[in-house]
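Participant:
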Amino acid sequence: MSYQPIVPFTGFAGWSFLNRTMEKQQTAFSASSDIQGNEDYFREKIGSITTAQELVDDRRLLTVALGAFGLDDDIDNKFFIRKVLDEGSLDADSLANKLSDKTYLALTQAFGFGDYTIPRSTLSDFPDEILAQYETRQFEIAVGNSDNDMRLALALQRDLPELAAKTNSETTKWYTIIGSSTMSSVFQTALGLPSSVGSLDVDAQVRMYSAKSKQLYGSTDPAQFSNTDKLEKLTRDFLLRSQLSTTSSISSGDAALTLLQNTSSGSLSLLL
Numbered sequence: 000m001s002y003q004p005i006v007p008f009t010g011f012a013g014w015s016f017l018n019r020t021m022e023k024q025q026t027a028f029s030a031s032s033d034i035q036g037n038e039d040y041f042r043e044k045i046g047s048i049t050t051a052q053e054l055v056d057d058r059r060l061l062t063v064a065l066g067a068f069g070l071d072d073d074i075d076n077k078f079f080i081r082k083v084l085d086e087g088s089l090d091a092d093s094l095a096n097k098l099s100d101k102t103y104l105a106l107t108q109a110f111g112f113g114d115y116t117i118p119r120s121t122l123s124d125f126p127d128e129i130l131a132q133y134e135t136r137q138f139e140i141a142v143g144n145s146d147n148d149m150r151l152a153l154a155l156q157r158d159l160p161e162l163a164a165k166t167n168s169e170t171t172k173w174y175t176i177i178g179s180s181t182m183s184s185v186f187q188t189a190l191g192l193p194s195s196v197g198s199l200d201v202d203a204q205v206r207m208y209s210a211k212s213k214q215l216y217g218s219t220d221p222a223q224f225s226n227t228d229k230l231e232k233l234t235r236d237f238l239l240r241s242q243l244s245t246t247s248s249i250s251s252g253d254a255a256l257t258l259l260q261n262t263s264s265g266s267l268s269l270l271l
C-alpha cells in the first residue's frame, strides 16, 4: 500500500505546507510497501541486465526505469523504448537526440546500452542513482494525485535549477523549457501567456517567453533561475495565477448556473 502525501490547501498556502512537511512525507512515502518492493527487485536484478531488450522484457524493472524519468505512461511502448536505448546518445542522429523532449536522452545516457560495451546498469552505484530519481518522481506523482499544480511546482524545483546552471546558450535553454511539458506549463501560467502560444513556431515562442521573462524577472536568460529568490518568485507566480484562474472559472460557472436557475424560475412563473 502506498502513502498518499497530504496537501490540505491549494495555491501558495498548500505549497508552503508541503515544503514544511516535505522531509517527513517523503520518508513515509519511500517506506511504502509497493515502493520498497519495486526498489528491492530493482537492486537485485538490474546488475545482470546488459541490453535494452533484457530491460524492456522485464516489466517490473522497466516500471522503475521509466518511473525514474517521469516516463511511466510509456510502459507499453516497448519497441520505441528499445530503439531509443539501443541507439544511445553519442550519435547526433540517434532518436534520443532528435526528440524535442530530452527526457529520453537522459534515460539512454543513464543506462548506456547504446553508448558503451559495458552498460552503466552494471555499475555498483547505479541502483542508488536510479532509485533516488525514482523515489523523487513517484512522490511528485503521488502529490499530483491531490493537486497537480503542486506536482508541477515540485518538478520545477528539480529541473529548472539544473537547466539554469548549464553552459548552453540562452536560446537552447528556452528550447528545452518549451519542449518540457512540465516546465512549459509552469512558465506559460507564471508569465501570463495564452495556451495558444504553443501553436506558434518555436522561435516565436522563444521571443514571447524571453520578453515576458525580462519584464517580470529582469532578464531574458533562464540562467537567472539558478537564483533561489527568482525561482521562488516564479513558483509563487505560477501557483497564484493558476489558483486565480481556477477561482475565476468556478465563479463564472456559478454565475452561469445562477442565471440558468433564475431563467428557469422566471419561465415557471410565466407558466403559472
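Sequential numbering from 0 applies to the sequence shown in numbering that gives the first Met the number 0.
C-beta atoms are modelled at their ideal positions from N, C-alpha and C, and glycine is treated no differently.
How many angstroms separate the CA atom of LYS101 from the CA atom of ALA95?
Facilitator: Computed Cα separation, rounded: 7 Å.
Participant: Suppose you measure from the CA of SER218 to the CA of GLY10; what does that come to, to the nearest Å?
Facilitator: When rounded, the distance between both Cα atoms is 26 Å.
Participant: Who are the near neighbours of GLU134 in its chain, counting only those whose CB is closer than 6 Å to its CB and skipping five residues on each side?
Facilitator: For GLU134, where only same-chain residues beyond five positions count, the Cβ hits under 6 Å are SER29.
Participant: Over what stretch of residues does the alpha helix (DSSP H) that includes LEU122 continue unbroken?
Facilitator: Premise fails: LEU122 is in no alpha helix (DSSP H) and is neither H nor E.
Participant: Below 8 Å CB to CB, which residues in the same chain sit around THR257 once its five sequence neighbours on both sides are set aside?
Facilitator: Note that THR257 scores 49 on pLDDT, short of 50, meaning its location in the model is unreliable; the coordinates nonetheless yield the value given after this. Cβ within range, chain order: n/a, list empty.
Participant: Of the choices ARG206, LEU151, ALA163 and PRO193, whose alpha-carbon is the least far from that of MET182?
Facilitator: Of the candidates ARG206, LEU151, ALA163 and PRO193, the one whose C-alpha sits nearest the C-alpha of MET182 is LEU151.
Participant: Helix or strand or just coil, what does DSSP make of LYS172?
Facilitator: LYS172 falls in the helix class under three-state DSSP.
Participant: So, VAL185 versus LEU155, is the Cβ gap smaller than 8 Å?
Facilitator: Against a cut-off of 8 Å, the Cβ pair of LEU155 and VAL185 comes out as a contact.
Participant: Taking 8 Å as the cut-off, decide whether the C-beta atoms of ASP114 and LEU98 are in contact.
Facilitator: Against a cut-off of 8 Å, the Cβ pair of LEU98 and ASP114 comes out as no contact.
Participant: Starting from the Cα of VAL55, find the closest Cα among GLN35, VAL83 and SER32 and give me that residue.
Facilitator: Of the listed residues, the one whose Cα sits closest to VAL55 is VAL83.
Participant: Compare the C-alpha of GLN132 against each of ALA67, GLN25, ASP228 and SER31 and name the closest.
Facilitator: Closest option to GLN132, Cα to Cα, is ALA67.
Participant: Using 8 Å as the threshold, is the C-beta distance between LEU192 and LYS172 below it?
Facilitator: Not a contact, by the Cβ cut-off of 8 Å.
Participant: Check this for me: beta carbons of PHE41 and LEU60, under 8 Å apart or not?
Facilitator: Yes, Cβ-Cβ distance for PHE41 and LEU60 is below 8 Å.
Participant: Please work out which residues of its chain come closer than 7 Å, Cβ to Cβ, to LEU305, disregarding the five sequence neighbours upstream and downstream, and give them in chain order.
Facilitator: The question about residue 305 has no answer, for the chain in this structure spans 0 to 271.
Participant: Starting from the N-terminal side, write out each stretch of the alpha helix (DSSP H) that is 4 residues or longer and does not extend beyond the segment 25-71.
Facilitator: Listed in chain order, they are 32-44, 51-56 and 58-66.
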